[in-house]
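What follows is a short report on a single structure.
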Amino acid sequence: VHFYVDDSVAAGALQRCSHKITDSDGYKVEVHVNPSNPPAFLQSDLKPEHLEHLKQCMAKRFDGSQQALDLNNIRMDPDLVSQNIEVIINRKTNMEAVIKIIEENIPELACLNLSNNRIHKLDELADLVTKVPNLKSLNLSHNELKTDRDLDRIKGLKLVELWLNRNPLCELFKDQAAYISAVRQRFPRLLKLDGHDLPPPIGFDVETPTTIPPCKGSYFGSDEIKVLILQFLQQYYSIYDSADRQPLLDAYHDGASLSITTPYTNQNPSRSSLGEYNKDSRNLKRVKDSTMRFRLLKHTRLNVVAFLNELPKTQHDIASLTVDVNTYTNTLLSFTVSGIFKEVAVDGKSRESTMAFSRVLITVPAGTSGLCIVNDQLFIRMATTEEIRRAFVAPAPTPSSSPVPTLTAPQQEMLTAFSQKSGMNLEWSQKCLLDNEWNFNRAAQIFTQLKAEGKIPDVAFIK
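Numbering follows the numbering used here, in which position 423 of the sequence shown is assigned residue number 539; successive positions increment by one, without gaps.
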């Protein structure tokens with residue numbers, strides 16, 4: 117004969133009756149006890165109307181001022197008993213119902229009392245770790261936990277207070293120190309156990325300030341590729357920032373593709389400062405429809421450049437550009453260019469919004485020493501405070517084939533000498549000399565300092 121009892125004390129009493137009872141045939145009755153999950157018919161879900169009563173019962177037992185929920189011996193709660201509702205919290209479906217109510221109604225719960233509920237394992241409590249992350253105090257006293265290994269199921273909780281007294285597991289330890297040590301292995305922040313204060317924990321989990329690694333600058337792979345890319349970008353953005361972007365047709369392959377992406381946000385995209393770009397964003401977390409995803413791709417160079425012409429006028433901070441070469445073969449060059457730009461109104465005044473971009477360009481050779489874009493993936497976001505602070509510190513010189521204004525003969529000689537010594541092209545050399553009132557030594561000193569700090573853009577060295 118097999119039967120189930122929902123009480124380890126009762127099971128123990130039955131086991132002690134083994135060989136003490138004689139049946140009608142004169143044989144001693146043997147009683148064997150084994151731990152077991154409740155049979156299936158006892159694990160059915162609570163009915164919807166019973167769930168509502170349970171929710172009301174839990175509401176009465178909740179103390180909002182302490183964010184505390186007292187479910188001590190909830191099986192015998194008068195309100196539930198009067199409705200003939202049996203909530204046995206050591207059953208999987210019942211515990212899941214309780215945790216779901218907590219998650220949906222009091223996710224900020226800090227204290228939970230589950231004492232006197234005949235809990236013999238903690239598998240069903242494991243969800244507390246993710247669903248009730250602020251839980252700091254848990255009372256599991258007067259239950260039927262048999263080993264400290266049961267606590268492993270909930271060791272992700274950041275508990276500072278725990279009750280385990282009157283559980284069989286408490287009898288397993290030779291002394292109080294061993295008991296405290298075993299519990300603290302699971303809950304290193306614990307300050308109170310079974311109502312008794314513990315000595316402060318000794319830990320090495322103190323959060324230390326972290327800093328973002330410094331930017332490593334551009335990576336090209338070789339000087340040859342560096343010159344090729346920087347010349348291309350200088351020409352590309354001088355056109356992109358001009359009044360007419362139509363000449364960009366020469367930068368794209370006939371079968372080129374372009375897509376634009378902005379960060380995913382739950383707010384209304386039209387209210388974002390990136391509104392002009394959000395409407396064409398192909399962010400796959402936002403655009404789920406496959407047809408719309410296809411439509412947001414710009415195909416052929418005519419469509420690509422037509423789309424670029426519709427975007428707001430811009431001014432890019434050439435000094436902010438960084439380049440990382442991803443792939444390079446004789447027939448393909450893929451690289452990422454990142455930097456800062458701001459929108460420019462039609463009247464020439466800069467808008468307040470400063471933005472950051474990252475652009476992955478896949479290119480193929482064009483002509484004898486040029487590049488042609490076959491795929492353009494543009495990502496745009498708002499710039500950080502630090503990026504805004506560092507952007508546009510000094511305006512880039514106007515691209516020109518010869519220095520302006522007209523220089524005197526001594527200035528022309530000084531410019532040529534400075535360009536040879538610094539390695540910068542004539543435009544940037546002249547800018548450095550102008551900023552230092554044509555004082556050669558001071559300009560050289562400032563140049564050396566800025567170069568050491570990595571503040572001189574790569575385009576300054578393209579000749």
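From the three backbone atoms N, C-alpha and C, an ideal C-beta is built for every residue, glycine too. The structure presented is a predicted model; accordingly, all values stated were derived computationally and were not measured.
Bridge partners of residue 414 according to DSSP: 374. If you ignore the 5 residues before and after residue 337, its C-beta comes within less than 7 Å of the C-beta of 441 and 444, all in its own chain and listed in chain order.
Pairing residue 417 with residue 426, the inter-Cα distance amounts to about 14 Å. Looking only at 576, 400 and 219, the smallest Cα-Cα distance to residue 535 is reached by 576. Nearest C-alpha to residue 130 among 142, 148, 140 and 139: 148. It is roughly 46 Å from the alpha-carbon of residue 210 to the alpha-carbon of residue 397. Residues of the same chain with a CB within less than 6 Å of the CB of residue 263, apart from the 5 flanking positions on each side, are 285 in chain order. In summary, residue 483 is exposed, with fewer than 16 beta-carbon neighbours lying within 10 Å of its beta-carbon over all protein chains present. Under the three-state reduction of DSSP output, residue 490 falls in the strand class. No Cβ-Cβ contact shorter than 9 Å links residue 472 with residue 489. Close CB contacts of residue 241 within its chain, under the 6 Å cut and outside five residues either way in sequence, are with 270 (chain order).
Of the candidates 126, 142 and 150, the residue whose Cα lies closest to the Cα of residue 118 is 150. For the set 239, 259, 218 and 237, the Cα lying nearest the Cα of residue 250 is the one of 218. Going by beta carbons, residue 450 and residue 474 fall outside the 9 Å limit.
Here DSSP, grouped into helix, strand and coil, assigns residue 164 to helix. Note: residue 363 is not bridge-paired with any residue in the DSSP secondary-structure output.
Rounded to the nearest angstrom, the gap between the Cα atoms of residue 136 and residue 127 is 15 Å.
The closest CA to that of residue 247, considering only 265, 214 and 235, is found on 214. Nearest to residue 423 by alpha-carbon distance, out of 571, 430 and 414, is 414. In this structure residue 283 is not in contact with residue 229, their Cβ atoms being roughly 14 Å apart against a cut-off of 8 Å. Under the 10 Å beta carbon count, residue 485 is surrounded by fewer than 16 other beta carbons and is classified as exposed. The three-state secondary structure of residue 455, taken from DSSP, is strand. The alpha-carbon of residue 392 is positioned some 23 Å away from that of residue 368.
In the DSSP annotation of this structure, residue 444 is not part of any alpha helix (DSSP H); the continuous beta strand (DSSP E) holding it starts and ends at 438-444.
Selection 546, 403 and 479 evaluated against residue 377 yields 403 as nearest (Cα-Cα).
Look at residue 432 here: in three-state DSSP terms it is strand.
The region 169-198 contains, as complete alpha helix (DSSP H) runs of 4+ residues, the segments 194-198 (chain order).
In this structure, residue 574 places its C-beta atom within 9 Å of the C-beta atom of residue 346. Within the DSSP secondary-structure output, residue 229 pairs in a beta bridge with 186 and 255.
Comparing C-alpha distances from residue 342 to each of 329, 452, 502 and 244 shows the shortest one belongs to 452. In the DSSP assignment, residue 549 falls within the alpha helix (DSSP H) that extends over 542-551. In terms of CA proximity to residue 481, 447 leads the group 555, 297, 447 and 499. Judged by beta-carbon spacing, residue 306 lies beyond the 9 Å limit of residue 266, meaning their Cβ atoms are not closer than that value.
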